Structures are given as structure tokens and as C-alpha cells.
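Engineer: This is the structure, below, for whatever I ask next.
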Amino acid sequence: MELTNEQRKYLGLEIIEPAWERVEIPSNCLKPELSTGKDILFFDGDILRKVIWLDDEGSFLENSYYLRTQDDHTMIAPITAKGRPKRLNGVNLQRCTPYGMYLHFSGRCEKRGGFCLANYTTQKTYFSSEFAGLPGMNVDEFQHFLDKWMAETNTEDFMEIQAFANAKRQHCKYREGDFFRFKYDRRNYGYGRILLDVRKFMKNGGEFWDILMGKPLCVSVYHIITADPNVKITELQLLNSCPSQYIMDNIFYYGEAEIIGNAPLPEELDAVDYPIMYGRSIDARNRDKICYCRGKVYREIPLEGNKLPQKDFKNNAIGFSLCTDKALMEKCIKAGSNAPYWEKQAERVYARDLRNPINARELEYVRKQMEV
1 MELTNEQRKY
11 LGLEIIEPAW
21 ERVEIPSNCL
31 KPELSTGKDI
41 LFFDGDILRK
51 VIWLDDEGSF
61 LENSYYLRTQ
71 DDHTMIAPIT
81 AKGRPKRLNG
91 VNLQRCTPYG
101 MYLHFSGRCE
111 KRGGFCLANY
121 TTQKTYFSSE
131 FAGLPGMNVD
141 EFQHFLDKWM
151 AETNTEDFME
161 IQAFANAKRQ
171 HCKYREGDFF
181 RFKYDRRNYG
191 YGRILLDVRK
201 FMKNGGEFWD
211 ILMGKPLCVS
221 VYHIITADPN
231 VKITELQLLN
241 SCPSQYIMDN
251 IFYYGEAEII
261 GNAPLPEELD
271 AVDYPIMYGR
281 SIDARNRDKI
291 CYCRGKVYRE
301 IPLEGNKLPQ
311 KDFKNNAIGF
321 SLCTDKALME
331 KCIKAGSNAP
341 YWEKQAERVY
351 ARDLRNPINA
361 RELEYVRKQM
371 EV
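Next comes the structure, spelled out in C-alpha cells:
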């Protein structure tokens, strides 16, 4: 499928001007006969302005560019005086940096998927169907969703997405104890808190099992879904929260999750929920030890003479997103507990968590072994 310009307006995407030249190339530039889709390119003179990566089954990605081309649109012009032209094909285009809003739909004609509407320039996501808790959609269902999206868009929504599309990149500061606000969808907010800045803790001399990628933060998300963007932090502190997780700092650094206040964390470490990482050392220089890390508490013991559980509890999976969504949070709020969260988390075999009640026996063993 391809979007219409009217749909693009409501999604904050750059519209395709009537004067732009449309060119289609096979998705597999080396072996066109093996292509499973096509790349649709739009040129404003010699400037490449938009690319739509379209799969034969319906999935697509729409990006905006400002790339100068030459030799009748067959080559990408060098950016610097010392650079060389590159052949204009799908492979080389993927190495170029888009700008502004983009939309990715992963569904198919017969297979359901999700879609993401985000901004390359600001590194912020405006809407994720998965995070909004929506079921997967095929192509027809996605078209119906877009019709509903446009019908429900009011003047305030339209102005908001246009401002989002034209915003500049931010670099924001954050610290332990910060409360933050984020959006589940266009109407509803969630709230959470930063419990630990791992890099800052280590820089200040704290011991930590350093097996997390990026700039990790420990965060928790409160049991709340609300249309109110101004919930007070005193009210948030009375709420239950989902089990904490480690996350790369991107959504805070770029301002997608907005800091709304700060309060001191409890001095007693047991009063703060931290993920537990436990297992054999992955340090090639010293593999013969068992490591335990729970927030600011780190322990290690020799591997010799000590037994590891059969399951892997390193729990060092980390990404850019919060480990919840609107549908899951609704279940937790309705249950008045984190049971729905743990049921879903148990499916993630690559990230077994000792805090999960199903691992109670292993947790008791680890506590005795590590004397914590």
C-alpha cells in the first residue's frame, strides 16, 4: 500500500509535491529477479526527497531525504569535496541519513503487524501501535485504522503532530529520583521514575556488574493510565509500580520521556526495587567466579565449590523501550498486582528474572549462596 497526501498530513509526514518525479527500482538491486518488492523514489530536480520501501505483501517504510544526485538520478553525489559518487540503489540509500518524520508498517496482506510513527531528527516516537496495546493489523485493517485516526484528529491533535514533525533535537538532563511522564497513545499518559544511573554510580566508585550495553538507567513504571498530564509526584509515590528494568537512556536524553520532578530515593536499598543479575562471570580474564548484582549491591564468590542453577539469570537484556504497554498496564491495574506482567515476562526466555514468583525457589537458593 501507499499513503495518500491527505493521510500524510494527518501523520505529520512530508507530502509528495505534484512536480516531483516518481521512479521505481527493484528492492534487490543486485538480482532484480529475486526482488520481493520495490523502492519508490521521488525527485525534486536532482534532489532525492522521499523513498518508500514497499514489500509485495504490503509492509512499507516511508522516509524523507535531501540527497543530491547526478548522472540522471543514477548516482548519489558526494557530500564532501573528497568524497566519491555512489550508485543510487537500495543498499546505498539505507546508509544515508533520513530526516523528519517516518512511518513503518510491518503488517502484510495475510499477516498482522504493527506500525510506528516517529521522527529521525528528534529521535522521538510519536505513536507505536505495540506500545499503545493495539493488536496487530493486516493491510486492510491498517487502512481502517488510518481512517479512524483521521476522523478522530481534532485541531489540537493536528497542531501537536505538526509541532512534533518540525521540532529540533533536544539533549536533556536527568538524575536518580526523577519522575517522568510519557505517552501510551495520543490521549493517555503513563508515569515512572528513575531509580539508578548506572554509569554515574560506577564513575563515583560504586561496584556494579558491568554487563549492560549503552548508558543504562534503572526505571520503574507506575500503575496508572490517565489523560491528565499534570499528576503530582506526591500522588505517584502512593501508587504501585511494575518491576523495575534497565533501559538505555535515549528516551530521557532526547526528551521523549519528560522529567516532571524529583524526590530523594529511600536510603535503605532494600526499599528500592532493583533487577537482579546473577550468574557466571562473562569476563574472559576471570571466568571462574559467580557474580550477583542488585542495584547498588554487588557480590562475587569463586566458581569452584559453588553450584549454579540450571537456568540463566544474568537478566542483562536491555533496549530502548519500556517493558510494558497500555494493554499490559491495564491488566496490572485491574488485577491490582504485577501478576500479568510476570506472566508475560516469563515468555522472554532470554531475560529470566529471579524476582518472578515462578523462580522463588531459585531466588532463595541465590540469596543463601550470596549471603544477601
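Reading the sequence shown from the start, the letters are residues 1 to 372 in UniProt numbering. No residue lacks a Cβ here, since even glycine has one placed at the ideal position from N, Cα and C. Everything numeric in this text was worked out from a predicted model, so none of it was measured.
DSSP three-state call for I15: helix, strand or coil?
Structural biologist: Reduced to three states, the DSSP call for I15 is coil.
Engineer: For G255 and G12, what's the separation of their Cα atoms in angstroms?
Structural biologist: 19 Å
Engineer: Smallest Cα separation from L322: which of T80, M137, G190?
Structural biologist: G190
Engineer: Tell me the rounded alpha-carbon separation between Q245 and F142.
Structural biologist: 32 Å
Engineer: Buried or exposed: where does S337 fall if 16 or more other Cβ atoms within 10 Å of its Cβ makes it buried?
Structural biologist: exposed
Engineer: Between N306 and the rest of its own chain, which residues show a CB-CB distance below 7 Å, the 5 nearest in sequence each way excluded?
Structural biologist: I290, Q369
Engineer: Using only the alpha-carbon positions, how far apart do F43 and P85 sit?
Structural biologist: Straight-line Cα distance between these residues: approximately 17 Å.
Engineer: On the DSSP bridge assignment, give the partners of R280 in chain order.
Structural biologist: I290
Engineer: Could you tell me the boundaries of the beta strand (DSSP E) in which T153 lies?
Structural biologist: Premise fails: T153 is in no beta strand (DSSP E) and is neither H nor E.
Engineer: Using a Cβ distance threshold of 8 Å, determine whether the region 85-98 contacts the region 59-67, with at least three qualifying pairs required.
Structural biologist: yes
Engineer: So what's L269 in DSSP terms, helix, strand or just coil?
Structural biologist: helix
Engineer: Are there three or more Cβ pairs, one per stretch, closer than 8 Å when the region 221-230 is compared with the region 181-198?
Structural biologist: yes
Engineer: Quick one: complete beta strand (DSSP E) runs, 3+ long, within the region 80-120?
Structural biologist: 99-105, 115-119
Engineer: Should the region 151-164 be called in touch with the region 108-127, which here means at least 3 C-beta pairs below 8 Å?
Structural biologist: Verdict: yes, contact present.
Engineer: Tell me the residue span of the alpha helix (DSSP H) that contains E343.
Structural biologist: 339-345
Engineer: Below 7 Å between beta carbons: does that hold for L265 and G205?
Structural biologist: no
Engineer: Just checking, does the region 231-250 make contact with the region 133-153 on the three C-beta pairs under 8 Å criterion?
Structural biologist: no
Engineer: Note down, in chain order, each residue of its chain lying with its Cβ closer than 7 Å to the Cβ of residue 373, except the 5 sequence neighbours on either side.
Structural biologist: Residue 373 cannot be examined here, being either before or after the span of the chain that is shown, 1 to 372.
Engineer: Any chance the CB of A151 is under 6 Å from a heavy atom of the ligand ATP?
Structural biologist: Looking for the ligand ATP in the displayed structure turns up nothing, as the structure carries no ligands at all.
Engineer: Of the residues T74, Y10, R49, E2, which one's Cα is nearest the Cα of W20?
Structural biologist: R49
Engineer: Ignore the nearest five residues each way along the sequence and tell me which others in M202's own chain have a CB closer than 8 Å to its CB.
Structural biologist: F208, D210
Engineer: Measuring alpha carbon to alpha carbon, tell me which residue in Y10, K314, L354 is nearest D157.
Structural biologist: Y10
Engineer: What residue ranges within the region 298-336 form continuous beta strand (DSSP E) runs of no fewer than 3 residues, ordered along the chain?
Structural biologist: You should have found no qualifying run.
Engineer: To the nearest whole angstrom, what separates the beta carbons of Y292 and V372, a pair I think is in contact under 8 Å?
Structural biologist: 7 Å
Engineer: Just confirm the distance between the C-beta atoms of residue 388 and G58, as a whole number of angstroms; I'd bet it's less than 8 Å.
Structural biologist: Outside the modelled stretch of the chain, which goes from 1 to 372, sits residue 388, for which no answer is possible.
Engineer: Using CA coordinates, which residue listed in V51, E268, N240 is at the minimum distance from K296?
Structural biologist: E268
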